[in-house]
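Anchor point for the sequence shown: position 50 equals 50 in the UniProt record's numbering, and the numbering is continuous, going up by one each time.
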Amino acid sequence: MTLNVVPKGEIPLIAAIDVGTTSTRAILFNKQGQEVSKYQIEYSTTAAKDKEASSPGSAGSGKGIIFSAEGIAIEANEYVEIEELEHQDATLRFPHPGWVECKPMNILANVVQCFAATLISINKVNDERVENNLPPYVIKCIGVTNMRETTIVWSKKTGLPVVDYGIVWNDTRTMDIVNTKKSETPPEEQERLRAKTGLPPYSTYFSCSKLRWFLDNVPEVLEAYESGDLMFGTVDTWLIYHLTGNHAFVSDVTNASRTGFMNLDTLDYDDELLEYWGIDRSKLNMPKIVPSAQYYGDFCVPAVTKKKLTEAAWDVLTSFSQSGIPIQGCLGDQSSSLVGQMAFKAGSAKCTYGTGCFLLYNTGTKKLLSQHGALTTFGFWFPELEGSEASKPHFVLEGSVAVAGSVVQWLRDNLRLFPRAEDVGPLASRVPDCGGVVFVPAFSGLFAPYWDAAARGTILGMSQFTTASHIARAAIEGVCFQARAILKAMSSDAFGEGAKDHDFLEEIVDTGTYEHSPLSVLAVDGGMSKSDEVMQIQADILGPCVKVRRSPTAESTALGAAIAACMAYKDPNERVWKDLNDAKKWIFYGGLEKEEALRTPDNVSSKLKIFASQSVDTVRRKNWKRWEAAIERTKGWLHDAEGN
């Protein structure tokens, strides 16, 4: 491994590569967690183009605008590129109802292209800095974060995909496979499998059923498997394999724990789990499971991407490849967001408001199996932080809400209540409350903690008094109520057996005091979190036990990967941040101690926005009971309506 001690007079940066479901970006962060250089590519799909055409105000907007899955308009500029389908196949495609595929070679090329753009940009900046007698920036190390569960298979001989697509995490083609497995498996065996993986074994979500589908339905994949040539991995494995000169074949614990093959106790693949899915370990090449912060290999530009790059991009990447810069951080996207939000300690939680909502509750080194429908998975593992709890694998409970930002998109595109997604907050704030309206946005069923696939979107309590503002506010509240329901369930899990009927977010009526809540701060990021109005509604619904804290950086997921890469150095003097507390000190408080920063109004800490509940206790409790009543009326709608 090459040691990269930054010489005096140079300013260290950490690079993060972030591959999401609908975009890829590369970002260079400084010690304050600020973006010094950034480039991203947004994927074009038929669905996205349809949204553009049908959206109010989109006429004449041109091909330089696309709408994200959250319904937010994204416009091409110097730092943002929109994939042009006229010149290449779509990176993300939907070949059949419920099927979602990605092109692994496109993802790799997009990553390299984004990284090249940041290098070209920082080189120009450095030329100007040197001319003005300022110290240049130097990239110290690289971290990777990625969408999880997405499954890719490639050839050990060639390094190329056996088929030109991967199966994305939200693809549902394996429904028959998982239903058959469930019907054939006794309940006690189902529970034993869940205890090993922390996951519900019969969900199309995870990689195990996706690999099984490949073997059952694609002859080329089965042939490669039988000959011992098949390599299996998730997006992190695919990228690190191609971006390291030594072709490191690894997957970190936060990604490997989402395959359905990993035992949470042994931190390794489990023979029983592999056998359950009909996988012969001797025939399949599986990545080594490693910590989230560890030296994997030095960056090397993949030769297979040369044809897709400009000459300038290829030259800058080739030159950079000779610098011996290590790739040494890796986290699945939701875990990376947890780290980027500084939710390091047991009892801390984060919520990312994207198309849906993802809530992670840090349980520390203790593995908890939820009794309320949450998943058990890993948050991070930084073994080089000796003497710190973070040196051990940290577990999290994870819950998800199916519909969050997508309900805003629905209000905009389907009901045409406003022209831009950003307008939902101001519209909802025109009224002091929802006017008795409850909106349960269960467009595709209810996720945690309700788990009812037969539920459907429902609006209750409307009258002639109801306005567009009431409906918009009720829609936002519907997302926030679901977030509260998950946090309530996770609180019960954290306190263990006997805590089932307690609401640890609410006041004990008999004593007039509040329960000792297992969490006090909910860290938030993602599209909807940018709205002050929406976050105040979330704080009011949670009540006084929990404050809502918005991240000072919009790219918390990428920042988490940068922090992970930094923590891979054994010597603290090599790290940009000495430890996790130091990272929090610099990113949240500009290098000052928290108390001192809070006494300095114009310090960077002003970007750390805190939302506290302004709700009246009796009103909040009444609204929660009304929400629970609405949920009961929403459940099982398809079964009831169809007489099943």
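No residue lacks a Cβ here, since even glycine has one placed at the ideal position from N, Cα and C.
How would you call residue i, buried or exposed, if buried means at least 16 neighbouring beta carbons within 10 angstroms?
| i | result |
| --- | --- |
| lysine 140 | buried |
| serine 207 | buried |
| aspartate 510 | Summary for aspartate 510: the model assigns pLDDT 46, below 50, so the residue's position carries little reliability, and this model does not support an answer. |
| arginine 484 | buried |
| serine 54 | Residue placement at serine 54 is poorly supported in this model, since its pLDDT is 44, which falls under 50; the coordinates are not used for a value here. |
| glutamine 464 | exposed |
| glycine 57 | With a pLDDT of 42 at glycine 57, under the threshold of 50, the modelled position of this residue cannot be trusted; read the value that follows with caution. Glycine 57 comes out exposed. |
| arginine 412 | buried |
| lysine 307 | exposed |
| glutamate 384 | buried |
| valine 339 | buried |
| tryptophan 451 | exposed |
| glutamine 322 | exposed |
| arginine 550 | buried |
| valine 130 | exposed |
| alanine 629 | exposed |
| tryptophan 520 | With the sequence shown as reference, residue 520 is identified as serine, and tryptophan is not the correct amino acid for it. So serine 520 ends up on the exposed side. |
| asparagine 623 | buried |
With distances taken from CA atoms, which of the options is nearest residue i?
| i | options | result |
| --- | --- | --- |
| aspartate 89 | Ser44, Pro97 and Lys124 | Ser44 |
| asparagine 246 | Tyr202, Arg129 and Val301 | Val301 |
| serine 531 | Leu13, Thr197 and Asp423 | Asp423 |
| threonine 266 | Leu397, Asn133 and Lys367 | Lys367 |
| glycine 98 | Asp176, Leu160 and Thr376 | Asp176 |
| arginine 258 | His242, Pro201, Val304 and Glu272 | Pro201 |
| glycine 9 | Val138, Thr466 and Pro95 | Val138 |
| proline 552 | Met567, Ser529 and Val253 | Ser529 |
| glutamate 78 | Thr174, Ala117, Glu101 and Glu84 | Ala117 |
| glutamate 42 | Ala428, Glu81, Gly198 and Ala15 | Glu81 |
| leucine 160 | Phe588, Val221 and Asn573 | Val221 |
| asparagine 263 | Pro544, Thr377 and Val548 | Thr377 |
| isoleucine 476 | Ser444, Asp571, Ser227 and Gly356 | Gly356 |
| alanine 583 | Lys570, Gln482 and Phe344 | Phe344 |
| aspartate 571 | Gln294, Lys609, Lys392 and Ile486 | Gln294 |
Put residue i into one of helix, strand or coil per three-state DSSP.
| i | result |
| --- | --- |
| phenylalanine 261 | coil |
| alanine 568 | coil |
| tryptophan 169 | coil |
| proline 552 | coil |
| glycine 445 | strand |
| cysteine 330 | strand |
| cysteine 114 | helix |
| proline 187 | helix |
| leucine 199 | coil |
| valine 144 | strand |
| tryptophan 627 | helix |
| lysine 547 | strand |
| glutamate 52 | Note on glutamate 52: pLDDT 47, under 50, position unreliable in the model; the coordinate value appears next. In this structure, glutamate 52 counts as helix in the three-state DSSP scheme. |
| tryptophan 154 | strand |
| serine 207 | helix |
| arginine 599 | coil |
| proline 219 | helix |
| lysine 345 | coil |
| glycine 591 | coil |
| proline 383 | coil |
| glutamate 101 | strand |
| phenylalanine 249 | coil |
| threonine 266 | coil |
| alanine 16 | strand |
| glutamine 40 | strand |
| arginine 575 | coil |
Any heavy atom of the ligand MN inside 8 Å of the beta-carbon of residue i?
| i | result |
| --- | --- |
| tyrosine 79 | By its list of ligands, the structure shown contains no ligand whatsoever, and the ligand MN lies outside what it can speak to. |
- [ ] Please determine if the region 360-368 and the region 484-497 are in contact, where contact requires at least 3 C-beta pairs separated by less than 8 Å.
- [x] yes
TODO: Indicate whether the contact test is met: 3 or more Cβ pairs, each with one atom in the region 327-341 and one in the region 559-574, closer than 8 Å.
DONE: yes
TODO: Specify whether the region 348-358 and the region 401-421 touch according to this definition: at least 3 beta carbon pairs, one from each stretch, less than 8 Å apart.
DONE: yes
Task: Given 8 Å, three or more beta-carbon pairs between the region 465-475 and the region 334-350 - done: no
- [ ] State whether the region 308-315 contacts the region 276-285, with contact taken as three or more CB pairs (one from each stretch) at a distance under 8 Å.
- [x] no
- [ ] Please go through the region 270-319 and give each complete beta strand (DSSP E) segment of 3 or more residues, from N-terminal end onward.
- [x] 288-290 and 293-298
- [ ] May I ask you to verify whether the region 571-589 touches the region 613-626, counting CB pairs closer than 8 Å and requiring at least 3?
- [x] no
Task: Segments of 4+ residues assigned as alpha helix (DSSP H) that fall wholly inside the region 392-469 - done: 405-413 and 424-428
Open item on the list: Across the region 111-124 and the region 22-35, are there enough close Cβ pairs to call them in contact, namely three or more that are closer than 8 Å?
Closed with: yes
- [ ] Evaluate contact between the region 179-194 and the region 289-298, counting only Cβ atoms and requiring at least three cross-stretch pairs below 8 Å.
- [x] no
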